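Visitor:
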C-alpha cells in the first residue's frame, strides 16, 4: 500500500479554497484545522489527562485526580499573550506588538483586499474594532449595523468573512430537547486571546484584571483551549454550543458528541458560590446528565454540588 499523499497547506485567508476542495473532492479529502498553540504545546507538555473524560461516555469516575498539569500563572501567561507561535516564542514585547500590528494590517490590506476587492476596508476595520469589544456576547446584527451605518446584510457578510478567516468562532444555540424558550442567535468570540487583547488595547494582566472584558476574555480563552484539546484527541462527531433562555438562564459551553452531553460554566474567580451556577445545576438535574463542570482559577479539583465538579483551569 502506497503511503504517498497530497497535501494543500493554506493560510487563514483562503475560505473559498477550503469550500471548493471539500465540495469537489468529497470522500477523498480530509480537512485538518491547525490552530494556534495550545498552552501545553507552548510549555512542551503532553495533552492533559482531563481529555480522557471524552474517550467514552462521560461519568464521574473519569474525572482526573492529582496536581494540575499547568499552574494558574502559566495559563494566565498564554491567556494574556494568545497562541500565535511567532510573537509568543520570540519573548520580546516590542516584537510582539509589532507582529500583532503587522498581522492586523496585512490581514485587512492584503488578504481581505485580495479576496474581497469590493469590500470597504475602512468599514471592515471599524467592524473588527467593534467586534473585539463584543467578544463573548450574543451579537445583535441590527445594532452593529446602526453603529457602522451599514445594513444588516453587510454585517452578515462581515461575520461570514471574519469566521471564514478563522479570527472569529460562532457558537450555535443548544436547542435539542429543550422545552424552555431559548435565544437562538449565535454567540461568538475572537478566537485568539492575544489578538483580542491587542485589538482592545490591553497590554498586561494587571490591565486585563481591571477591564470589564476580563470575564468574557477568560471565558473565550477557556472555550478555545477546550476545543483545541478535543481536536487533539481521536474523538470525532462532536459539536460545541452555548445555552441561554429568554429568562436569563445561561450556560457558557455545552459539548455534545459520542461521549454524551457535558455542560460547562467558566468563571474567572478562584471560588464559586452555588447561586452563581444555579443555571448549571438546574440544567444538569432537569436533563439527568451525569455531571456538569465549572472551570475557574481554583486550586484543586473539587465536587461543589452533587453532580457539579470544579476543575482548575490548569487542567484544560
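Residue numbers (this note's numbering): 524 to 839. Beta carbons: idealized from backbone N, C-alpha and C, even for Gly. Since we're looking at a predicted model, the values are computed, not measured.
1. In the DSSP assignment, find the beta strand (DSSP E) that holds residue 829 and state where it starts and stops.
2. Specify the secondary structure class of residue 579 as computed by DSSP and reduced to three states.
3. Quick check: the Cα distance between residue 592 and residue 571, rounded to an integer number of angstroms?
4. Helix or strand or just coil, what does DSSP make of residue 713?
5. Quick one: measure Cβ to Cβ for residue 588 and residue 824, integer angstroms, because I've assumed they're closer than 8 Å.
6. How do the segment 795-808 and the segment 771-778 stand: do at least 3 beta-carbon pairs fall below 8 Å, yes or no?
7. Closer than 8 Å is the cut-off here; do at least three beta carbon pairs connect the segment 633-644 with the segment 593-604?
8. Could you please give the first and the last residue of the uninterrupted alpha helix (DSSP H) stretch that includes residue 655?
9. Skipping 5 residues on each side, what residues in its chain have a beta carbon closer than 6 Å to that of residue 577?
10. With 16 other CB atoms within 10 Å as the buried threshold, where does residue 584 fall?
11. Please list the terminal residues of the continuous beta strand (DSSP E) segment that includes residue 622.
12. To the nearest angstrom, how far is the alpha carbon of residue 614 from that of residue 716?
13. Which runs of the beta strand (DSSP E) spanning at least 3 residues fall entirely within the segment 741-804, listed in chain order?
14. Taking residue 612 as the reference, which of 747, 745 and 564 has the closest Cα?
15. Measuring alpha carbon to alpha carbon, tell me which of 764, 556, 609 and 586 ends up nearest residue 826.
16. Could you give the distance in angstroms between the alpha-carbon of residue 487 and the alpha-carbon of residue 787?
17. Quick one: residues in its chain with C-beta nearer than 6 Å to the C-beta of residue 746, no 5 flanking neighbours on either side, listed in chain order?
18. Do you know how far the Cα of residue 811 is from the Cα of residue 658?
19. Using DSSP with H/G/I as helix, E/B as strand and the rest coil, what is residue 660?
Guide: For this structure:
1. Counting along the chain, residue 829 falls outside any beta strand (DSSP E), and DSSP gives it neither H nor E.
2. coil
3. 6 Å
4. strand
5. 7 Å
6. Touching, per the Cβ criterion.
7. no
8. 644-656
9. 758 and 782
10. It counts as exposed.
11. No beta strand (DSSP E) holds residue 622; the alpha helix (DSSP H) holding it covers 616-629.
12. 17 Å
13. Listed in chain order, the complete beta strand (DSSP E) runs (minimum 3 residues) inside the segment 741-804 are 762-767, 773-780 and 783-789.
14. 564
15. Taking only the C-alpha atoms, the option nearest residue 826 is 586.
16. Any question about residue 487 goes unanswered here, given that the chain covers just 524 to 839.
17. 776
18. 31 Å
19. strand
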